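Everything on this sheet refers to the single structure shown next.
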Amino acid sequence: MAERKNAGGELCGSIFDPTGNITALVESDVAVERQPAVAAALMRRHPEVEQVGFVRLAEGGARVQAELRMAGGEFCGNASMSAAALWCIRQGQTVDAAAPCAVLLRVSGAAEPVEVRLREEAADTYAASVRMPRALDITEREFVLETCRDRLPVVRMEGITHVLIEERSVFFALREDETAAARAVKSWCARLGADGLGLMFLEGGQSERRLTPLVYVPVGDTLFWESSCASGSAAVGMTLAARAGARAALTLAEPGGSLRVESEPAGGETWLCGKTRLLSTWRAES
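Start counting the sequence shown at 297; every next residue gets the next number (this note's numbering).
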C-alpha cells in the first residue's frame, strides 16, 4: 500500500460527506496506538467531523485497492464509501454511469474485504453501494435502565453491535433524553462487551421509516447522534428480513439524508446504498 507523508511532521487527508455523516480520512501513515489521539485532535479542529478513519491507498492494479482503519477499530459503511471514492479520485479515475466501478477495501471490524460499487454523479460526488459484512448473530436481549425494562433486537456485527429500538418500546423515549441515552448506550455497551454500540431509533410504517442513530465507541470515548449510520441501517434491514423470513428493501430517512438497504434473510447478502462527496482536503501538524 502507498503511504502519503509530508515534510515537517505534517499530516494530510480529506473530509467527505456521506449522507451527512461527516468523515475525515487521514492519508498519512499514523501508528495505530496514536490514531485515537490524532482523531480527537482533528475533531477538535473540525467540529463538523463525526468520525475519523486512516487510509492506505494501493497503486492501480492491486486486488485490494485500499485499507481503512477507523480510529476506534470499528466497522463503518459510510467511511467505506468515502475511502472507495477517495481511491477513485486519487487515481484520476472517472466512473462511467453505465459501468459502476468496483473497489475492494480491507476495513477494520470486517474479516473479509468489503466491496464498494461507485457511480460518479458529479465532480467528486458518487452514488455508492456497499456489500455489508454479514451479521455474526441476530438475537433479542433484555435491557434495563433504572425502572424500565424491555427485550430488544440485537445485531452483533464484526467491529460493532446495534440495538434496534422501535416506537413501541419503553426505551424509545431515550431519543428525547440525551443524558439518559448516553448513560444507556455506555452501560449497555459494557454489558454486551461490544467494540462499539449503536442505538437505532426506528419509527414509521412500511411506506416511510425514519432512523435516528446514536453511536458510542469506547476507544476514544466518542458518542454522537450521527447524521446517518450505514452499519446501523444495515442492522435494521437484517432484523426486518430475519423477522419476516423474506427479503427486506427499504429507504430510511435519517437526519442527514436517506440511505437504502436491501437485505436477504438467513445470512444472505445485505447492500447499503447512499452517496458520498468530497468536501475538502487538509494538512495539519502531527
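Ideal Cβ positions, reconstructed from N, Cα and C, are used throughout, including at glycine.
Predicted, not measured: the structure shown is a model, and the values here were computed from it.
Item: Any heavy atom of the ligand HEM within a distance shorter than 8 Å of the CB on S483?; Value: Looking at this structure, you won't find the ligand HEM or any other ligand, since it has none at all.
Item: Taking the beta strand (DSSP E) that I461 falls in, what are its first and last residues?; Value: I456 to E462
Item: Closest by CA to F350, which one among A380, R543, V440 and E565?; Value: A380
Item: In terms of residue numbering, what span does the beta strand (DSSP E) encompassing C397 cover?; Value: C397 to V403
Item: Please list, in chain order, all residues of the same chain as A431 whose beta carbon is under 6 Å from its beta carbon, the five residues on each side excluded.; Value: V451, M453 and M534
Item: Among the residues of its own chain, which have a CB less than 6 Å from the CB of S554, if the five just before and after it don't count?; Value: T547
Item: Measuring only the C-alpha atoms, how far is L414 from A476?; Value: 39 Å
Item: In angstroms with no decimal places, state the Cα-to-Cα distance between L488 and I434.; Value: 13 Å
Item: Can you give me the C-alpha to C-alpha distance between G388 and P429, rounded to a whole angstrom?; Value: 28 Å
Item: Specify the secondary structure class of P449 as computed by DSSP and reduced to three states.; Value: strand
Item: Is the Cβ-Cβ distance between A367 and L353 less than 9 Å?; Value: no
Item: Grab me the residues of D446's own chain with a C-beta within less than 8 Å of its C-beta, minus the 5 sequence neighbours each way, in chain order.; Value: E438, F439, S465, V466 and F467
Item: In the structure shown, what three-state DSSP assignment does R359 receive?; Value: coil
Item: Tell me the DSSP secondary structure of M534 in three-state form.; Value: helix
Item: If we ignore side chains and look at the alpha-carbon of each, how far apart do C372 and C444 end up?; Value: 30 Å
Item: Can you look up R341 in the DSSP assignment and give me helix, strand or coil?; Value: helix
Item: Could you tell me the distance, in whole angstroms, from the CA atom of P332 to the CA atom of L307?; Value: 14 Å
Item: Near K482, which residues of its chain fall below 7 Å by C-beta distance, leaving aside the five closest residues on each side in sequence?; Value: Y512
Item: Please report the straight-line C-alpha distance between R427 and E474, rounded to a whole angstrom.; Value: 32 Å
Item: Going by beta carbon distance, what residues of the same chain come within less than 6 Å of A545, once the five residues before and after it are set aside?; Value: E558
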